[in-house]
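A.B. asks:
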Amino acid sequence: MTKTSQELALMAESGRLLASVFALLDRTKLVGRSTLEINDMVERFITEDLAARPASKGQYGFEFVLNSSINEVVCHGIPSSADVLKDGDIVNFDITLEKNGYIADSSKTYLVGEVNTAAKRLVAATYEAMWQGIRAVRPGARLGDIGFAIERHAKRSGYSVVRDYCGHGIGREMHEAPQVMHFGKPNTGLVLREGMVFTIEPMLNRGRAKVRTEDDGWTVVTDDGSLSAQFEHTVAVTAKGVKVLTLRPDEKR
83 MTKTSQELAL MAESGRLLAS VFALLDRTKL VGRSTLEIND MVERFITEDL AARPASKGQY
143 GFEFVLNSSI NEVVCHGIPS SADVLKDGDI VNFDITLEKN GYIADSSKTY LVGEVNTAAK
203 RLVAATYEAM WQGIRAVRPG ARLGDIGFAI ERHAKRSGYS VVRDYCGHGI GREMHEAPQV
263 MHFGKPNTGL VLREGMVFTI EPMLNRGRAK VRTEDDGWTV VTDDGSLSAQ FEHTVAVTAK
323 GVKVLTLRPD EKR
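Encoded structure:
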């Protein structure tokens, strides 16, 4: 479950490369682009510019390199030429990357063009909820501390936490132990140890927490049609606390 210093170095390299994918998206004008067009741009960048592998493609039969989840889509949205991003949308891009046999996983919710205040607040609260969870990571802390910190911030902000999906250990495989819930009680759950690597990826809804999966078998949406947002980082437990392996260039934490 824990990684060696050599493995952590390789994972940090995968995380650095994945962060550069989001830097590319940050520079990209999203209005008027289809999610399939963005998927293809990201695939070219990962394979050609970074000489890496998009780890999601082919995983569990998924045909694309990213998930694109727009507005009420909570997660696992499928890129499509029909889904053209328009002014006022919010969209989460969830991307994985493998380099030298090790995988990094991260996601970011983007504001597309001019977005209303309610959507901006949800996105900002979700981002901070993720960081509240990250700040709870240190040797000797417990998984319940992470979930508690996330859920407390979400509730104080007036949002619900999706309970059907969670963070996960990661390394040579995309999904490893442990499962990292985004709700919980402090001082409960697995004790964190130096060398553990996992994702923290809360999904917050403006309405109720209940979700449902559409007929395509992938796309998860809010049951009440309310907006949903998500952020994700891959983190490592260090001797002194936590290191965010997928930290993006625009993030100073």
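Number 145 in the working numbering belongs to position 63 of the sequence shown; there are no gaps in the numbering. Every residue gets a Cβ at the ideal spot worked out from N, C-alpha and C, and that includes glycine.
1. Measuring straight from C-alpha to C-alpha, what distance separates residue 299 and residue 150?
2. Per DSSP, what kind of secondary structure is residue 174 in: helix, strand or coil?
3. Which same chain residues, not among the five before or five after residue 121, have their C-beta less than 8 Å away from its C-beta?
4. Just the Cα atoms here: how many angstroms apart are residue 221 and residue 164?
5. Candidates 290, 184, 295 and 308: which alpha carbon is nearest residue 251's?
6. Tell me whether residue 251 sits in a helix, a strand or coil according to DSSP, three-state version.
7. Sort 287, 166, 304 and 225 by Cα distance to residue 295 and report the nearest one.
8. What runs of the beta strand (DSSP E), each 3 residues or longer, lie entirely inside the stretch 205-270?
9. Going by C-alpha to C-alpha distance, which of 97, 200, 157 and 113 sits closest to residue 137?
10. Could you please give me the residues that DSSP links to residue 186 through a beta bridge?
11. Give the straight-line distance between the Cα atoms of residue 306 and residue 322, rounded to the nearest whole angstrom.
12. Quick check on DSSP: helix, strand or coil for residue 121?
13. Can you find at least 3 beta carbon pairs, one from the stretch 225-242 and one from the stretch 195-202, that sit closer than 8 Å?
14. When you compare the CB positions of residue 293 and residue 264, do they come within less than 7 Å of one another, or not?
15. According to DSSP, is residue 314 part of a helix, a strand, or is it coil?
16. Note down the Cα distance separating residue 218 from residue 266, rounded to an integer number of angstroms.
17. For residue 83, name the three-state secondary structure that DSSP assigns.
18. Suppose the cutoff is 8 Å on Cβ atoms and the five residues either side in sequence are ignored; what does the same chain contact list for residue 110 look like?
C.D. replies: Taking the structure as given:
1. 15 Å
2. strand
3. 146, 147, 148, 150 and 161
4. 46 Å
5. 184
6. strand
7. 304
8. 249-251 and 258-262
9. 97
10. For residue 186, which the question treats as bridged, DSSP gives the partners 179.
11. 42 Å
12. Helix at residue 121.
13. no
14. no
15. strand
16. 12 Å
17. coil
18. 120 and 123
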